[in-house]
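Asker: My structure is below; once you've seen it, I'll send some questions.
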Amino acid sequence: MKPTLVLLAAGLSRRLGESKALVDLAGATPLRRLWRAARASCDAEALVVVATETVGPRLAANLPPGARVVLNPDPARGRTGSVQLAAHAANGRDLLLAPVDVPLVPACVFAALLRAWDEAGEPARGWLAPRTNDGRHGHPVLLGRGLAEDLSSCAPDEPLWRLRARATPMWSAQVDSPRIHDDLDSPRDLEELRAIALNLDE
98 MKPTLVLLAA GLSRRLGESK ALVDLAGATP LRRLWRAARA SCDAEALVVV ATETVGPRLA
158 ANLPPGARVV LNPDPARGRT GSVQLAAHAA NGRDLLLAPV DVPLVPACVF AALLRAWDEA
218 GEPARGWLAP RTNDGRHGHP VLLGRGLAED LSSCAPDEPL WRLRARATPM WSAQVDSPRI
278 HDDLDSPRDL EELRAIALNL DE
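Here the sequence shown is numbered in the working numbering, starting from 98 and rising by one per residue.
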């Protein structure tokens, strides 16, 4: 069974000064880019976790087809709270967590993760991340349905690495794309990623 794509977009984007999920990156927002890259690898319905104040016409216009919005009323408490809400909404499915902070991940990375996940037997308590050949890990991350259930015992501000430590197995899939390491955080980051996006083949 394909995992549920979770687009994590509830950050408050204070340093950037505008919603990371809705910035323009060479004609497409991070929400649209990530969905297009992941759609062949995931369940048809994506979950988009957003802060309550993000809801409005711009968000509605940029939602992937068939996406379901999950509201995080208190995103300042941390990303674990967003993943908790997604796990509850996904009803026992494996989760493919794609933060909009890392908006240019290509389809080949999503495909590589799904191949590795399938080969491992879709482990219920697995945690799978991509890594480049220099050994650095990045995003997106695949989280098994059983491990996701453990989130109910975590506080929303508890770091996700504590959940990762409970994973069986925890492993990585080697990929060639440096885009798994991007971090859209500041206006300078946005300009750099816009320049990169102009030269990407989707």
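Where a beta carbon is used, it is the ideal one built from N, C-alpha and C, also for glycine.
#1: Give the DSSP-derived three-state secondary structure of T149 in the structure shown.
#2: Would you mind giving the Cβ-Cβ distance between D198 and D282, rounded to the nearest angstrom? I have them listed as a contact below 8 Å.
#3: Can you tell me whether P100 is helix, strand or coil according to DSSP?
#4: With C-beta atoms as the reference, is A137 less than 8 Å away from L109?
#5: Inspect the CB distances between the region 197 to 217 and the region 170 to 187 and report whether three or more fall short of 8 Å.
#6: Alpha carbon to alpha carbon, what distance is there between L193 and L240?
#7: For A107, I'd like the list of residues in its chain whose CB is within less than 6 Å of its CB, leaving aside the five on either flank, ordered along the chain.
#8: Candidates S274, D215, R222: which alpha carbon is nearest H236's?
Answerer: Taking the definition as stated:
#1: Position 52 of the sequence shown, counted from the start, is the residue given in the question as residue 149. Here T149 sits in helix by DSSP.
#2: Here the question's residue 198 lines up with position 101 in the sequence shown. Here the question's residue 282 lines up with position 185 in the sequence shown. Indeed they touch by this definition, with Cβ atoms about 7 Å apart.
#3: On the sequence shown, residue 100 is found 3 positions in, with the first residue counted as 1. Looking at P100 - three-state DSSP - the assignment turns out to be coil, as it is neither helix nor strand.
#4: Indexing the sequence shown from 1 puts residue 137 at position 40. Indexing the sequence shown from 1 puts residue 109 at position 12. Taking 8 Å as the Cβ cut-off, A137 and L109 do not qualify as a contacting pair.
#5: Of all C-beta pairs linking the region 197 to 217 to the region 170 to 187, fewer than three are shorter than 8 Å, placing the two stretches out of contact.
#6: Residue 240 sits at position 143 when you count from the first residue of the sequence shown. Residue 193 sits at position 96 when you count from the first residue of the sequence shown. Their backbone Cα atoms lie some 6 Å apart in a straight line.
#7: On the sequence shown, residue 107 is found 10 positions in, with the first residue counted as 1. V146, V147, A148, N169, P172, S179, listed in sequence order.
#8: Mapped onto the sequence shown, residue 236 falls at position 139. With distances taken between Cα atoms, H236 lies closest to S274.
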